[in-house]
Structure formats: C-alpha cells, structure tokens
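My numbering numbers the first residue of the sequence shown as -3 and each following residue consecutively.
Some notes on the structure that comes next.
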Amino acid sequence: MTRKHHGPSPERTKTDKSLKVERANTDDAIRGDRKSAERVAEKVIDKARAVADSIVSAERKKTDTARHPARRVARKRLSGQRAAADSATRGQRETADTALRSDLKDRANALEALLVHERAATDAYLLTERVRSDDDVAHRDDFLGMVAHDVRNLLNGVILNLEMLSPAGSAASPEPRVATATARIRRDVGRMNRLIGDLVDVTSIDAGKLAMIPVDGDAGALVTEATETFLPASEAKGVVLAATLPSEELRGVFDPDRMLQVFANVLANAIKFTPRAGRIDVGVERVRGAIRFSVQDTGIGIPTPMLKAIFERFWQVGKNDNRGMGLGLYISKCIVEAHGGKIWAESTPGRGSLFYFTLPVRAPRRSSPRVKRAVRRRK
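Have a look at this one:
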C-alpha cells in the first residue's frame, strides 16, 4: 500500500504559471517597443531627408531659372557637381542608416542580456526563498503535528472522564443539568477534534503533502457507509436521509477514509441547512467514464454568486447569509482533485442544493450484479 501526496502546492503552481505568463508578455512588449521605436526613428529620418531634398530641389530650380550670362557655359559643369553632391549624400545616408541600425541592434542586445541577467537573479532569489519556505513549513508541520497529537490526547482524556462520571447503563440517571452539560461537552470536544483535523489538512495542502492511500474499492459501499454514519444525526434533526445504489458494482481506486471525509463535510452541511421534515438524497452512478456522487437536499439553498466561493479556503459567510461552510468544502475540493476528479454545486435559493463530485472509473474484473437497495429512515 503506497502513500500518495498531492503534488506541489496550488499557490506555488500558480506563482510559476503567472511568472511564465508575465515573462512572455514582457518579451512581447519589448519586441513591440523595439519595432515601434525603429519605425518612429525611420519616419523621423525620412521626413527630415524629404525636407532637405525639397529645399535642395527648390534652390536648384531657383538657380536654373535665374538669368545669368554664363548659364549655358556653366550648365554642364553644374550638372556634374550636382551629380557628385547627390552621390555623396546617398553614400552618407547609407552610412548613417547602417550606423543607426547597428546602434539600435547593440542597444537591443544589451537590453536582452541585462534582462537575462535580471531573470537569472530573480530565479536564484526565488529558489532560495522557496528552500527557506520549505524548511519553515517542515518545522511548522512538525510543530503542528506534535501540538495536534497532544491536544487530541487531552481531549480524549476529557471524554474518558465524562464516561467515568456518567457511565452507560448506570441505574442512577444524572440530573438534567449534568446530562445537558455532559452532552454539550461531548459536542464541543467533537468540534475541536474536527477543527484540529481541518487545520492539519490545510497545512498539508499548503505544503503539497496531502497524504492519500488509494486502494481498489466499491463506490456503492462507500455511499452506504457514509449514509449510515449520518443517519443518527439526520433522525435527530427530523430529516429524511436516503441513499440509492446502482444494480452493479462501481469499482474505483480511491482513499476510502479521505472520501468519507468528503461525504462528512457535504452531508453535515446538508443536515445543518435542511429544515425539519426536509429530505436529503445520496446517489452514485457512472457518467461519461467517471463515478459521479451526488448529495441533494431540500434546504435553504445557496445564492448563485457563492456557488464557487464556498470551495475557497477560509471562506467566510456574509452577515446576511447563515451558511457557515468553514474549511470543510475547501478540503473536500482538494481531496477530490487529488483523486483526479472534480466537485461542484448547483442550487436554487429556497429550493435546496445539489452537490456533485466525481472519481475516475476502474473497470471491474468481473461483473457482480446485486439488487438495487436504498437506506431510508424517517423520524
């Protein structure tokens, strides 16, 4: 059994991609500016030369039309001088053009060499910072792991002492206030355990080390286990929780504990935001080469602009919206994507929500049909 990690952190991947895009844009801009500068310079030079040529032409025309006694005698000599002057001017202009183009090329090459040097320095600095960051993250992960372990031990001690104070099957029933306080402590300890687990998972995701243990499994069995786990909570809320399975096995390679964690986050929210006498339906089916899970509730729904925001890290609800998703859906998104799938939500406010998440399909080695069954309970 191998332990799989979730690859580079999303933030680092986005940084590398953005850096490549910015560098490509910079190169395009520099090439465009260089060509534009060359065109502007050529236009200025051509305009200046055209003005000079027009002045020379006007002076020559004026000289030719002026009356002069020796004009006929000097015409041949003047024509030769003008031809020599024109030839010299063309030569000087060609020399100037060559020098100008060479100067522009030298400047462009110098700019490119400087840019390459600056980029190499940036890459070296970025690599150094990443090494330092990796070291800091490693120390942070070790520290967080030790703290989480110690805190969980303390919480387990709290639960153990609660059980000793109110043992199951005891003939003497505890006072109502004691029973209420005990139940409240149990709920708070459970929430603290979940919060610790979420923080550890988020830290692992940031470090690109979300641990996975993929094994061959049946998606239908996964749905059954998740539904049966949350039946007591749905019954306590007065909500119908039902799961419908396909008539044949849907085999896939996934981490069952991690996928149960996804179901826990989605089902907990569905139960929380579905009113009494509501309904939650869980399903699984094969859709276009993937195993698609679904969780549909008849709760208060999610506003359309928030359908993507609910999967963001540390997403906080607005003061006018009481859907408190916390870290759960962000972690669920990372888990599903680590399996090569995707997760999304559809909703109509006031009419409930529908969550989908997918896994790649693994073809079964042999068919093993079974009877379609459902898990249904009502309070």
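Just so it is clear, CB atoms sit at the ideal spot from N, CA and C, and this is done for glycine as well.
Model, not experiment: these values are computed from the prediction.
Selection from the options that minimises the alpha carbon distance to residue i
i      : options                           : result
Val291 : Leu303, Cys330 and Phe353         : Phe353
Val236 : Arg19, Arg275 and Thr94           : Arg275
Ala341 : Arg86, Phe351 and Arg347          : Phe351
Leu206 : Ile331, Thr85 and Ala239          : Ile331
Val52  : Ala81, Asn105, Tyr326 and Glu125  : Ala81
Arg128 : Ala203, Ser98, Leu140 and Met160  : Ala203
Ser328 : Gly285, Ile296, Gly213 and Val262 : Val262
Leu396 : Arg284, Gly324 and Ser349         : With the chain represented from -3 up to 375, any question about residue 396 goes unanswered, as that position is not in the structure.
Arg126 : Lys16, Asp12 and Ala104           : Asp12
Arg119 : Glu308, Tyr326, Asp277 and Lys16  : What sits at residue 119 in the sequence shown is Asp, not Arg. Selected option, being the one with the closest Cα: Lys16.
Arg97  : Thr176, Asp293 and Ile41          : Ile41
Lys31  : Lys101, Ala305 and Phe307         : Lys101
Glu308 : Asp293, Ile339, Thr294 and Val278 : Ile339
Arg347 : Ala305, Ile306 and Asp293         : Asp293
Glu90  : Glu38, Arg103 and His135          : Glu38
Cutoff 7 Å; reference residue i; Cβ partners in own chain excluding five residues on either side
i      : result
Met151 : Note that residue 151 corresponds to Leu in the displayed sequence, not to Met. Answer for Leu151: Val185, Met188 and Asn189, listed in chain order.
Gly314 : Since pLDDT at Gly314 reaches only 44, below the 50 mark, its modelled position is unreliable, and no value is offered.
Gly285 : Val357
Phe226 : Leu237, Leu263 and Ile267
Secondary structure of residue i, DSSP reduced to three states
i      : result
Asp130 : helix
Phe139 : helix
Phe269 : coil
Asp197 : helix
Leu241 : coil
Val367 : Confidence at Val367 is low in this model, with a pLDDT of 32, below 50, so the placement of that residue should be treated as unreliable; the coordinate-derived value is given next. In the structure shown, Val367 sits in coil (DSSP, three-state: anything other than H, G, I, E or B).
Leu100 : helix
Glu90  : helix
Glu171 : coil
Gly279 : strand
Leu355 : strand
Gly153 : helix
Lys31  : helix
Ala54  : helix
Ala79  : helix
Leu206 : coil
Gly274 : coil
Residue environment, residue i, which counts as buried when at least 16 other CB atoms sit within 10 Å
i      : result
Gln257 : buried
Ala179 : exposed
Gly28  : exposed
Ile209 : exposed
Leu107 : exposed
Ala46  : exposed
Asp23  : exposed
Ala20  : exposed
Ser116 : Per the sequence presented here, residue 116 reads as Ala, with Ser not at that position. Classification for Ala116: exposed.
Phe383 : Limits of the chain in this structure are -3 at one end and 375 at the other, which puts residue 383 out of reach.
Ala92  : exposed
Leu123 : exposed
Arg254 : buried
Ser343 : buried
Ala109 : exposed
Leu161 : exposed
Tyr121 : exposed
Val280 : buried
Gly141 : exposed
Asn265 : buried
Val112 : exposed
Gly87  : exposed
Ala84  : exposed
Asp132 : exposed
Arg153 : Note on identity: in this sequence residue 153 is Gly, with Arg being the wrong assignment. It is exposed - the Cβ of Gly153 has fewer than 16 other Cβ atoms within 10 Å.
Thr94  : exposed
Thr9   : exposed
Ala215 : buried
Spatial neighbours of residue i in its chain, beta-carbon cut-off 6 Å, leaving aside the 5 residues before and after
i      : result
Leu355 : Gly248, Phe250, Ile287, His335 and Gly337
Asn157 : none
Phe259 : Ala222
Ala144 : Ile192 and Val196
Ile296 : Phe269
Pro345 : Gly297 and Pro299
Ala229 : Ile267
Ser200 : Leu206
Proximal residues to residue i (C-beta, below 8 Å), its chain only, five neighbours per side dropped
i      : result
Arg282 : Pro242, Leu246, Arg288 and Val357
Asp317 : Because Asp317 carries a pLDDT of 48, less than 50, the predicted location of this residue cannot be relied on, and the following value inherits that uncertainty. Counting only Cβ-Cβ distances below 8 Å, and skipping sequence neighbours, we find Pro299 and Met302.
Ile155 : Arg182 and Val185
Asp194 : Gly322, Leu323, Gly324 and Ile327
Arg148 : Asn189 and Ile192
Asn105 : none
Asp212 : Arg247, Gly248, Val249 and Arg358
Any non-hydrogen atom of the ligand NAP within 7 Å of residue i CB
i      : result
Leu122 : The ligand NAP is absent from the structure shown, which contains no ligands of any kind.
Any C-beta of chain D under 8 Å from that of residue i
i     : result
Ser98 : The structure shown contains no chain D; it holds only a single protein chain.
**Study point:** Contiguous alpha helix (DSSP H) assignments of at least 4 residues, all confined to the region 284 to 349
**Key:** 324 to 334
Point to revise | Runs of beta strand (DSSP E) wholly within the region 209 to 261 (minimum 3 residues, chain order) | key: Within the region 209 to 261, the complete beta strand (DSSP E) runs of at least 3 residues fall at 211 to 214, 236 to 240 and 247 to 250.
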